[in-house]
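Enquirer: Residue numbers (the working numbering): 1 to 167.
Where a beta carbon is used, it is the ideal one built from N, C-alpha and C, also for glycine.
Treat the numbers as computed from the prediction; the structure is a model and nothing was measured.
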């Protein structure tokens with residue numbers, strides 16, 4: 001990717017959202033600045049820098065400003081989209097955790113066998129797992145934070161008519 005600054009990327013993205021990919025769109029630098037949470041002067045500077053870099057075409061009709069994103073500008077947005085899309089959709093191939101297996105309360109198999117849970121396991125993960133739990137005490141807080149960042153499958157509480165079971 002070229003040496004576009006963050007503010008230029010944000011300005012191009014804002015212009016794209018206004019329809020400036022295929023058409024010249026009429027815009028004021030004050031409205032552009034407002035949508036970017038920048039001053040009118042900063043927006044005006046971004047426009048001039050983008051035009052000088054060949055990322056946009058600018059037309060002045062009297063006091064009215066119209067802007068269209070050039071192929072070069074659009075290509076930069078596509079490259080950014082590709083990099084972000086790939087990076088955001090990557091899930092780690094594995095996460096390494098260090099810790100020790102510890103003894104639990106001995107109730108894991110009981111809870112894992114409750115019909116309210118086994119039905120949810122079948123629906124949510126596609127199978128009924130071994131009725132038991134593996135209790136691991138992780139060595140570092142960092143390991144726990146790694147797990148917090150992963151997508152989770154939530155097992156909902158249920159009632160068997162006598163008791164309400166919470167996870």
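In this structure, how does DSSP classify residue 171 when only helix, strand and coil are distinguished?
Expert: The shown model of the chain, from 1 to 167, leaves out residue 171, and the question about it has no answer.
Enquirer: Using 9 Å as the threshold, is the C-beta distance between residue 136 and residue 105 below it?
Expert: Cβ atoms of residue 136 and residue 105: not closer than 9 Å.
Enquirer: Taking the alpha helix (DSSP H) that residue 47 falls in, what are its first and last residues?
Expert: First-last of the alpha helix (DSSP H) with residue 47: 40-52.
Enquirer: If you draw a straight line from the C-alpha of residue 140 to the C-alpha of residue 152, how long is it?
Expert: Approximately 20 Å between the Cα atoms of the pair.
Enquirer: In the structure shown, what three-state DSSP assignment does residue 87 receive?
Expert: The answer is helix: DSSP assigns residue 87 an H, G or I state.
Enquirer: Would you say the segment 77-86 touches the segment 33-41, given that touching needs at least three Cβ pairs under 8 Å?
Expert: With a cut-off of 8 Å, the segment 33-41 and the segment 77-86 do not count as touching, because too few Cβ pairs lie within range.
Enquirer: Measuring only the C-alpha atoms, how far is residue 73 from residue 84?
Expert: Their Cα atoms are separated by approximately 17 Å.
Enquirer: Is the segment 50-59 touching the segment 110-130, taking contact as three or more C-beta pairs under 8 Å?
Expert: Cβ pair count under 8 Å is below three, so no.
Enquirer: Just reading off the beta strand (DSSP E) that residue 100 is part of, what are its end residues?
Expert: 99-101 is the extent of the beta strand (DSSP E) around residue 100.
Enquirer: Classify residue 158 as helix, strand or coil using the three-state DSSP reduction.
Expert: Strand.
Enquirer: Can you give me the start and stop residues for the beta strand (DSSP E) that residue 136 sits inside?
Expert: Where residue 136 is concerned, the enclosing beta strand (DSSP E) stretches over 136-138.
Enquirer: Can you give me the start and stop residues for the alpha helix (DSSP H) that residue 114 sits inside?
Expert: Looking at the DSSP string, residue 114 is not in any alpha helix (DSSP H), and its letter there is neither H nor E.
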